[in-house]
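Here the structure is laid out as structure tokens; the discussion comes afterwards.
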Amino acid sequence: MLFNARVVAFLLGVSVGGITTAFLSLLSGISPLVLFTAFTLSFSSCFLLVYFSFEYLIVSELNEAYAMLEKLKKKDFKILKRSDKHALSPFKKLNYEIYSYASKKQKEIDQLKKLALYRREFLADVSHELKTPIFAAQGFLHTLIDGAIDDETVRYKFLHKAANSLDGLHRLVEDLFTLSKMEAGILKMNRARFNLYELAQEIIESLNPTADKKEIRLAFSPETCPDAWVWADQARIGQVLTNLIENAIKYGHNGGKVCVSIEDLPYQVALSVEDDGPGISPEHLDRIFERFYRVEKSRSKAKGGSGLGLAIVKHILEAHQSKVLVSSQVAQGTIFSFKLEKPQDQNGEADALPTVFQPSLPVSHGHPSPNLSKPPASIGL
Ligand SMILES: Nc1ncnc2c1ncn2[C@@H]1O[C@H](COP(=O)(O)OP(=O)(O)OP(=O)(O)O)[C@@H](O)[C@H]1O
Ligand SMILES: [Mg+2]
Numbered sequence: 334m335l336f337n338a339r340v341v342a343f344l345l346g347v348s349v350g351g352i353t354t355a356f357l358s359l360l361s362g363i364s365p366l367v368l369f370t371a372f373t374l375s376f377s378s379c380f381l382l383v384y385f386s387f388e389y390l391i392v393s394e395l396n397e398a399y400a401m402l403e404k405l406k407k408k409d410f411k412i413l414k415r416s417d418k419h420a421l422s423p424f425k426k427l428n429y430e431i432y433s434y435a436s437k438k439q440k441e442i443d444q445l446k447k448l449a450l451y452r453r454e455f456l457a458d459v460s461h462e463l464k465t466p467i468f469a470a471q472g473f474l475h476t477l478i479d480g481a482i483d484d485e486t487v488r489y490k491f492l493h494k495a496a497n498s499l500d501g502l503h504r505l506v507e508d509l510f511t512l513s514k515m516e517a518g519i520l521k522m523n524r525a526r527f528n529l530y531e532l533a534q535e536i537i538e539s540l541n542p543t544a545d546k547k548e549i550r551l552a553f554s555p556e557t558c559p560d561a562w563v564w565a566d567q568a569r570i571g572q573v574l575t576n577l578i579e580n581a582i583k584y585g586h587n588g589g590k591v592c593v594s595i596e597d598l599p600y601q602v603a604l605s606v607e608d609d610g611p612g613i614s615p616e617h618l619d620r621i622f623e624r625f626y627r628v629e630k631s632r633s634k635a636k637g638g639s640g641l642g643l644a645i646v647k648h649i650l651e652a653h654q655s656k657v658l659v660s661s662q663v664a665q666g667t668i669f670s671f672k673l674e675k676p677q678d679q680n681g682e683a684d685a686l687p688t689v690f691q692p693s694l695p696v697s698h699g700h701p702s703p704n705l706s707k708p709p710a711s712i713g714l
């Protein structure tokens, strides 16, 4: 580079030396040796001063800024040094600011890209899920219009099938609506004091006929605590329990068993639903809570699931400042569990609740699994 620190220092040195010598030469009685010495001294001191200040204060900092920009181009955000934030040099501070700003913007861009992909996938999933029941109902109704209506043997069968498809469509739209309201934070939980044991008992009774069809034994565990008062939205927790128990029946083996247990903890009540079904392998465990995610698409779909149930469960429990934990082992079974806060005590005073909500412990701690011999893969959402 022609205009580098050395050239600038040299030019300035020459001009300062030249001016000094010219000024001295105007005075009488100054020998050429003195003029030469004055020139050399002023030139060298000016050169050194300008050169070092340029080189160390400006050029090296600018080079560092260039190197940083190169790294930014390559999206390398690892060199950000916290100490530079409080550095004395304004260049270092500027570098730090540019760098942290760029890394923040890059994170935002990555997030937006992820969201765009998520939206595309979601749209594709929704249209796919809606297509199936609509096509089925459309097919049955058109067949009836095209003449099958006169055939008494198929008339009611086709009408029932069309109605079933439309019922499925209605459920799907309801689920999607609930999910979107929950994600937007519009859906508020109507918390009240209720007995979780009684709610679970009602749901078990209503699902017993479904379990009977697969000869599945659905019951409470013997240690279950019947005095299980909680402070939560009863209808929403009912939805959570229904989906967890329905899943255990739907994906469990014929002739298996599903066990619901309720445990009384110091500030919370813990509930778990355990089955001895096929289990869920670790690579699927953290994805089953995504919308429309099914472990085996064809098998789950044949069982009538749209893959929204666990996404709703996760949101409902999050709205209760709780989370759903899953622990599973392939070919052995699965346990889903969650905890709910206890209500205030009888005198209307708050129970000695901890100031910070206690996050749920991993399933394997609070809920030993007699059926799972090896340590299960578990995940908490
Ligand atoms: N107890 C279980 N045992 C084995 N696999 C399970 C169990 N519970 C859930 N899964 C798997 O997780 C997937 C997601 O479950 P989810 O409840 O979200 O959807 P679904 O049951 O397919 O449909 P929906 O609940 O909306 O009717 C299921 O499709 C199934 O593959
Ligand atoms: Mg389900």
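In this note's numbering, the protein residues as written are 334 to 714. Ideal Cβ placement from N, Cα and C applies to all residues, glycine included.
Please tell me whether residue i and residue j are closer than 8 Å, where the distance is taken between their beta carbons.
i                 : j                 : result
tyrosine 389      : alanine 342       : no
serine 660        : isoleucine 668    : yes
arginine 569      : proline 676       : no
serine 605        : serine 670        : yes
alanine 565       : leucine 673       : yes
alanine 644       : phenylalanine 622 : yes
isoleucine 649    : glutamine 572     : yes
isoleucine 549    : glycine 501       : no
leucine 368       : serine 361        : no
phenylalanine 455 : arginine 624      : yes
glycine 346       : phenylalanine 387 : no
Any idea if residue i is buried or exposed, counting beta-carbon neighbours within 10 angstroms, 16 or more meaning buried?
i              : result
asparagine 587 : exposed
histidine 475  : exposed
proline 611    : buried
alanine 561    : buried
proline 687    : Summary for proline 687: the model assigns pLDDT 38, below 50, so the residue's position carries little reliability; its value from the coordinates is reported in the next sentence. So proline 687 ends up on the exposed side.
glycine 681    : Its pLDDT being 41, under 50, glycine 681 is placed unreliably in this model, and the coordinates cannot settle the point.
proline 466    : buried
tyrosine 432   : buried
glycine 666    : buried
leucine 450    : exposed
alanine 517    : exposed
asparagine 523 : exposed
Rounding to the nearest angstrom, what Cα-Cα distance links residue i and residue j in this structure?
i                 : j                 : result
leucine 577       : lysine 406        : 48 Å
glycine 351       : threonine 373     : 10 Å
threonine 511     : glutamine 471     : 26 Å
glycine 638       : leucine 499       : 15 Å
valine 563        : serine 539        : 21 Å
lysine 546        : valine 602        : 31 Å
glutamate 430     : arginine 339      : 29 Å
asparagine 396    : lysine 408        : 18 Å
leucine 641       : leucine 509       : 8 Å
leucine 694       : proline 423       : Bear in mind that a pLDDT of 32 at leucine 694, under 50, signals an unreliable position, so the model cannot answer this.
asparagine 337    : alanine 355       : 27 Å
valine 392        : leucine 448       : 42 Å
proline 365       : glutamate 394     : 42 Å
serine 348        : lysine 438        : 47 Å
valine 425        : leucine 520       : One detail in the question is off: residue 425 reads as lysine in this sequence, not valine. Going from the Cα of lysine 425 to the Cα of leucine 520 covers about 48 Å.
asparagine 744    : phenylalanine 491 : Residue 744 falls outside the range modelled here, since the chain spans only 334 to 714, and no answer is possible.
proline 692       : alanine 457       : Its pLDDT being 34, under 50, proline 692 is placed unreliably by the model, and the measurement read from it follows with that caveat. Distance between the alpha carbons of proline 692 and alanine 457: 35 Å.
isoleucine 537    : histidine 461     : 32 Å
serine 375        : methionine 401    : 37 Å
leucine 344       : serine 378        : 13 Å
arginine 453      : leucine 658       : 29 Å
asparagine 528    : alanine 581       : 22 Å
phenylalanine 473 : valine 628        : 30 Å
leucine 598       : alanine 664       : 30 Å
For residue i, is the beta carbon positioned less than 7 Å from some heavy atom of ligand 2?
i              : result
glutamate 607  : no
glycine 501    : no
asparagine 580 : yes
glycine 642    : yes
glycine 610    : no
glycine 480    : no
glycine 638    : yes
asparagine 576 : yes
Hey, is residue i close to ligand 1, as in C-beta under 7 Å from one of its heavy atoms?
i              : result
arginine 452   : no
proline 583    : Looking at the sequence provided, one finds lysine at residue 583 rather than proline. At least one heavy atom of ligand 1 is nearer than 7 Å to the Cβ of lysine 583, so yes.
isoleucine 570 : no
isoleucine 613 : yes
aspartate 508  : yes
glutamate 629  : yes
threonine 667  : yes
isoleucine 549 : no
isoleucine 621 : yes
tyrosine 434   : no
- Message: Quick check: the segment 497 to 507 against the segment 614 to 626, are at least 3 beta-carbon pairs closer than 8 Å?
- Response: no
- Query: Taking one C-beta from the segment 585 to 599 and one from the segment 547 to 565 each time, how about it: are there three or more such pairs within less than 8 Å?
  - Reply: yes
- Message: Using 8 Å as the cut-off, can you tell me whether the segment 440 to 448 makes contact with the segment 484 to 491, which would need three or more C-beta pairs spanning the two stretches below that distance?
- Response: no
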